[in-house]
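Every letter in the sequence shown is one number past the one before it in full-length UniProt numbering, and letter 161, counting from 1, is 161. Each residue gets a CB set at the ideal place from its N, CA and C atoms; glycine is no exception. Bear in mind that the values here come from a model prediction, so they are computed numbers and not experimental data. Single-structure report; data block below.
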Amino acid sequence: MDDTTASEAVVNAADRLFYGRGIQAVGMDEIRAAAGISLKRMYSLFPSKEAILAEVLRRRNEQWTAGILQAAHDEPTPSDKLLSIFDFLSDWFAQDDFRGCAFINSFGELGATAPLVADAARAHKIGFQRYVADLVSEAGAPPSLAPQIALLAEGAQTTAAISGSPDAATDARSAARTLLDAARAA
């Protein structure tokens, strides 16, 4: 197994284990075993658990961004693109392995003690907020609408994770539609 394949195996295993059980509950030997490589090899690829976590979060950010952009791809208007965020969330919440936002989970577990996690979570959330703000601007709505839409998406993620129901995405989409309509009418 070459280094690229071995690195992918480690990141895939860590992502699955961290997301399913939490970061602190998973040890390096468990990641190694799930990746199917030796501990020595894993440490040659990633010098620490934090380095693995950094790569997991980097990849999660890429997946999130790609998913949001894909959901918006065929939508004809900026308003429809904004609402497609909640369609993306609805699909994600309905997945069997949905356990909430990996960034919120990681920050909640380690944010106070791990600057890497706090920085990754903040960067991820800021990137999403900018995306929403750009769509709000393109829709001709007031800038104050952007954080409201972003909060609906964030709240839906937390609610769906805790409740175990994907309904939060539909409810948040309805609220976003109401806010958009009110902004246009003003």
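Next on the checklist: Just to confirm my understanding: we take S79, look at its own chain, exclude 5 residues before and 5 after, and list those with CB closer than 6 Å. What are they?
Outcome noted: For the purposes of this step, residue 79 is taken as the residue at position 79 of the sequence shown. If we look at S79 and ignore the five residues flanking it on each side, its Cβ neighbours are A139 and L180.
Next on the checklist: Quick test of your reading: Q157 and G108, contact by CB under 8 Å. State the CB separation rounded to the nearest angstrom.
Outcome noted: Your numbering for residue 157 matches position 157 in the sequence shown. Your numbering for residue 108 matches position 108 in the sequence shown. Rounded, the Cβ-Cβ distance is 12 Å, inconsistent with contact.
Item to check | Other residues of its chain near G155: CB distance less than 8 Å, five sequence neighbours each side excluded | outcome: Locating residue 155 in the sequence shown gives position 155, where the first residue counts as 1. A168 and A172, listed in sequence order.
Checklist entry - Are the Cβ atoms of A182 and L152 separated by less than 8 Å? => result As a position in the sequence shown, residue 182 is number 182, starting the count at 1. As a position in the sequence shown, residue 152 is number 152, starting the count at 1. Contact: no.
Item to check | Own chain, CB closer than 8 Å to W64, minus 5 neighbours either side, in chain order | outcome: Counted from its first residue, the sequence shown places residue 64 at position 64. If we look at W64 and ignore the five residues flanking it on each side, its Cβ neighbours are H124 and F128.
Next on the checklist: I believe L82 touches V132 by the beta-carbon criterion, under 8 Å. Please report the beta-carbon distance rounded to the nearest angstrom.
Outcome noted: Here residue 82 corresponds to residue number 82 of the sequence shown, with the count starting at 1. Here residue 132 corresponds to residue number 132 of the sequence shown, with the count starting at 1. Going by Cβ atoms, the distance from L82 to V132 rounds to 7 Å, so yes, they are a contact pair.
Item to check | I162 to I85 span [Cα, whole Å] | outcome: Taking the first residue of the sequence shown as position 1, residue 162 is located at position 162. Taking the first residue of the sequence shown as position 1, residue 85 is located at position 85. In a straight line, the C-alpha of I162 is about 20 Å away from that of I85.
Checklist entry - Should Y19 go down as buried or exposed, given a rule of 16 or more other Cβ atoms within 10 Å for buried? => result In the sequence shown, residue 19 corresponds to position 19, counting from 1. Buried: at least 16 other Cβ atoms inside 10 Å.
Checklist entry - Would you call the CB atoms of I23 and V10 closer than 8 Å? => result Within the sequence shown, numbered from 1, the residue matching residue 23 stands at position 23. Within the sequence shown, numbered from 1, the residue matching residue 10 stands at position 10. No.
Item to check | Buried/exposed call for R60, threshold 16 Cβ in 10 Å | outcome: For the purposes of this step, residue 60 is identified with residue 60 of the sequence shown, where counting begins at 1. Buried: at least 16 other Cβ atoms inside 10 Å.
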